[in-house]
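These notes concern the structure reproduced below.
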Amino acid sequence: MKFFTSQISYFISNRNTKTNIKRLIRFVFILFAMIIVYGVLFHEIMEYEGQKHSWITGFYWTMTTMTTLGFGDITFTSDLGRAFSVFVLVSGVVSLLIMLPFTFIEFFYAPWMEAQHRARAPRELPAGTNGHIIITSFDAVTKALIQKLDQYGHEYVLLVNELDQALELYDQGYRVLLGEPDDPETFHKMCVEQAALVYTGGTDMFNSNVAHTIREFSTNVKIVSTANSYDSMDILKLAGSDHVLHMGNILGRALSRRTLGQDARVHTVGRFGKLVIAEATTYATPLVGRTLKESRIREDLGINVVGVWERGSFKSAHPEVEIHNHSVLVLAGTVEQLRKYDELFGIYGVSDEPVVIIGAGRVGRATALHLQRRNIKYKIIDKNPDRIKDSHHFILGDAADLDTLKKAGIEDAPNVVITTNQDDVNIYLTIYCRSLRPNIHIVARSTLERNVNTLHRAGADFVMSYASMGANAIFNIFEENDIVMIAQGLNVFSLDTPKKLVGKSLIQCDIRNNTGCNVIAYQVEGEQDINPNPNKPIPENSEIILIGQSEDEQKFIDYYKSD
Numbered sequence: 338m339k340f341f342t343s344q345i346s347y348f349i350s351n352r353n354t355k356t357n358i359k360r361l362i363r364f365v366f367i368l369f370a371m372i373i374v375y376g377v378l379f380h381e382i383m384e385y386e387g388q389k390h391s392w393i394t395g396f397y398w399t400m401t402t403m404t405t406l407g408f409g410d411i412t413f414t415s416d417l418g419r420a421f422s423v424f425v426l427v428s429g430v431v432s433l434l435i436m437l438p439f440t441f442i443e444f445f446y447a448p449w450m451e452a453q454h455r456a457r458a459p460r461e462l463p464a465g466t467n468g469h470i471i472i473t474s475f476d477a478v479t480k481a482l483i484q485k486l487d488q489y490g491h492e493y494v495l496l497v498n499e500l501d502q503a504l505e506l507y508d509q510g511y512r513v514l515l516g517e518p519d520d521p522e523t524f525h526k527m528c529v530e531q532a533a534l535v536y537t538g539g540t541d542m543f544n545s546n547v548a549h550t551i552r553e554f555s556t557n558v559k560i561v562s563t564a565n566s567y568d569s570m571d572i573l574k575l576a577g578s579d580h581v582l583h584m585g586n587i588l589g590r591a592l593s594r595r596t597l598g599q600d601a602r603v604h605t606v607g608r609f610g611k612l613v614i615a616e617a618t619t620y621a622t623p624l625v626g627r628t629l630k631e632s633r634i635r636e637d638l639g640i641n642v643v644g645v646w647e648r649g650s651f652k653s654a655h656p657e658v659e660i661h662n663h664s665v666l667v668l669a670g671t672v673e674q675l676r677k678y679d680e681l682f683g684i685y686g687v688s689d690e691p692v693v694i695i696g697a698g699r700v701g702r703a704t705a706l707h708l709q710r711r712n713i714k715y716k717i718i719d720k721n722p723d724r725i726k727d728s729h730h731f732i733l734g735d736a737a738d739l740d741t742l743k744k745a746g747i748e749d750a751p752n753v754v755i756t757t758n759q760d761d762v763n764i765y766l767t768i769y770c771r772s773l774r775p776n777i778h779i780v781a782r783s784t785l786e787r788n789v790n791t792l793h794r795a796g797a798d799f800v801m802s803y804a805s806m807g808a809n810a811i812f813n814i815f816e817e818n819d820i821v822m823i824a825q826g827l828n829v830f831s832l833d834t835p836k837k838l839v840g841k842s843l844i845q846c847d848i849r850n851n852t853g854c855n856v857i858a859y860q861v862e863g864e865q866d867i868n869p870n871p872n873k874p875i876p877e878n879s880e881i882i883l884i885g886q887s888e889d890e891q892k893f894i895d896y897y898k899s900d
């Protein structure tokens, strides 16, 4: 009933609809007038021919002739009568079979259908809505963010200004609201004053407009914006954004952290307070050929080996997992513990050859910048002359050309980082580089999450998704937390310790077998217990810090948070 009422309300309140209905009524009156005139002329001509019929018969003949039914039970005998019949027939075809359907559809049916569509796409949130997240653009980052919000049970609303897009997203199951993002009234209807966060991920100009508009209503709501240009970051903050994310820089930094192979030293990929998450290649180290149990890394160094990467496949830590020449260990520990690891294994597999970066766009340049900060040499390949900054680090050419790759040092490089924004190009280049160098370490960028597995199958050791990195950064700001994304689908995250686990030891809980997640620390009043003793009970009023793949994270939430 409410849905039907909203349709009627929009249909009646639309000014064009009122005008169209008047035109439709006028056309119907003209039709009635034609029928009356034809009925009168029917009687006149029939009397001229000497025939007598009732008025009902006259209107009956007029309607059957105009609608081309023409039963033939009443006919004229004179040429005048037959000419009149032809005229009535032609005018009926034009008015009833052509003009009437067109007029009805144009002036009534189409507006009514539009009213139905608009009623399906809400224009206002219920009064009292609060604690929700407002999203003003829809792209790959937004889709990944919405999945994250749904996973943790947070309410959101997606602002769309095109009716067709709003209905399409609504049918896909998204919570949408139809409105203009530069209209203050839109954000008033979205209860922006009570919102927990606003995320805007359009162009820099669009984002500044949205932030400035929202600040008319609220100075407290948290606004997160993305910036395509470094120069726009300050402007977006002046417009009212609390946090400005340069996605190219975020992804470039993540890709640079995955470049392994210069040596066997640990490389930090994320921090969680004092807890450091790092990775280390095992190439040419004494660890090759041993199992995790035989390596004694936990016993001798206190470091928790939480998993092993094998050509893009993550294996959870198990005592019998064997370490191979191209395995990459995922380690969790303190700075001091990881330094001890470096003292033992950092001297192996040293290489001074530059990293090859394919693509000199925003992500490729950001990757190079972060490598430079780590004093790692690099060469960037790009076929766009405008992106070639110098002849020392940049190489003009097509990465699909073997001579260009050789010029960049592909034959000796320990790593190649593929950073273009076209997933099909990245897949092609991954296959090509893997065929040229079966042992090279390949890090690739994926714009769309659905292509991550394809890139792994193509031969990439690590894949970092643009969408997931962005969603993860935004979610961290919203939660005021620090979920560390180790790789696509593998995160370090924290949750309030579920009641089911309080007072039990890790051995009793058997969290790894139940969910696939690995507990790497507790946190009580800001103090972390890193790599805790598995026989000690989990403390009350604590946070539990875990590492696990996305599906394992969801298993943990479903398994332990049900109470």
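According to the numbering used here, the sequence shown is numbered sequentially starting from 338. By construction, the Cβ of each residue, glycine as well, lies at the ideal position given by its N, Cα and C atoms. All figures in this text were calculated on a predicted structure; none of them were measured in a lab.
Smallest Cα separation from residue i: which of the options?
i, options, result
"Q759", "K359, G701, N546, Q709", "G701"
"S569", "G539, R590, R552", "G539"
"G418", "V431, M383, D637, T405", "M383"
"T550", "Q531, E492, D689, F524", "F524"
"F893", "Q845, V581, N855, N467", "N855"
"I411", "M801, G698, H390, T704", "H390"
"Y489", "S831, R710, N546", "S831"
"L486", "D520, N498, I470, F475", "I470"
"Y620", "A669, F682, N763, T628", "F682"
"G468", "G516, L534, F812", "L534"
"I848", "I875, L827, E680, Q865", "I875"
"S728", "D740, Y715, A736", "Y715"
"F369", "T399, Q388, T741, A548", "T399"
On the three-state DSSP scale, how would you describe residue i?
i, result
"Y536", "strand"
"Y489", "helix"
"V558", "coil"
"V780", "strand"
"E862", "coil"
"V603", "coil"
"E386", "helix"
"K652", "strand"
"T704", "helix"
"E553", "coil"
"D719", "strand"
"I884", "strand"
"H730", "coil"
"P871", "coil"
"H580", "strand"
"N758", "coil"
"V478", "helix"
For residue i, count neighbouring Cβ atoms within 10 angstroms of its own Cβ and tell me buried if that reaches 16, exposed if not.
i, result
"D663", "In the sequence as displayed, the identity of residue 663 is His instead of Asp. Classification for H663: buried."
"D501", "exposed"
"I560", "buried"
"E890", "buried"
"Q344", "Unreliable placement is indicated for Q344, whose pLDDT of 48 sits below 50; no coordinate value is reported for it."
"T356", "exposed"
"K836", "exposed"
"R594", "buried"
"W646", "buried"
"Y511", "buried"
"S772", "exposed"
"P871", "exposed"
Identify the continuous alpha helix (DSSP H) that holds residue i and give its terminal residues.
i, result
"I848", "848-852"
"Q674", "672-682"
"A795", "789-795"
"A576", "569-576"
"G418", "416-429"
"I713", "From DSSP, I713 is part of no alpha helix (DSSP H); its letter is neither H nor E."
"L437", "437-441"
"I411", "Note, I411: premise wrong, no alpha helix (DSSP H); not H, not E."
At what residues does the beta strand (DSSP E) containing residue i begin and finish?
i, result
"F830", "827-833"
"V613", "612-618"
"G644", "641-647"
"S802", "799-802"
"I634", "Not the beta strand (DSSP E): I634 falls in the alpha helix (DSSP H), residues 634-638."
"I694", "692-695"
"I906", "Residue 906 cannot be examined here, being either before or after the span of the chain that is shown, 338 to 900."
Query raised in the report: On the three-pair Cβ rule with 8 angstroms, is the stretch 777-789 touching the stretch 749-757?
Result: A contact between stretches requires three or more CB pairs, one per stretch, nearer than 8 angstroms, and the stretch 777-789 meets this requirement with the stretch 749-757.
Query raised in the report: For the 8 angstroms Cβ check, are there 3 or more pairs between the stretch 653-661 and the stretch 790-802?
Result: Remark: fewer than three beta-carbon pairs, one from each stretch, lie closer than 8 angstroms, so the stretch 653-661 and the stretch 790-802 are not flagged as touching.
Query - Meets three-Cβ-pair contact criterion under 8 angstroms: the stretch 484-498 and the stretch 423-442 - result: No, the stretch 484-498 does not touch the stretch 423-442.
Requested in this report: Determine, using beta-carbon pairs with one atom in the stretch 631-639 and one in the stretch 703-718, whether at least three such pairs fall under 8 angstroms.
Outcome: In short, these stretches do not touch, since the Cβ pair count stays below three.
Query - At least 3 beta-carbon pairs within less than 8 angstroms: the stretch 634-642 vs the stretch 571-591 - result: Touching, no.
Query raised in the report: Contact between the stretch 689-697 and the stretch 563-581: three or more CB pairs below 8 angstroms?
Result: Judged by Cβ distances under 8 angstroms, the stretch 689-697 makes no contact with the stretch 563-581, as fewer than three pairs qualify.
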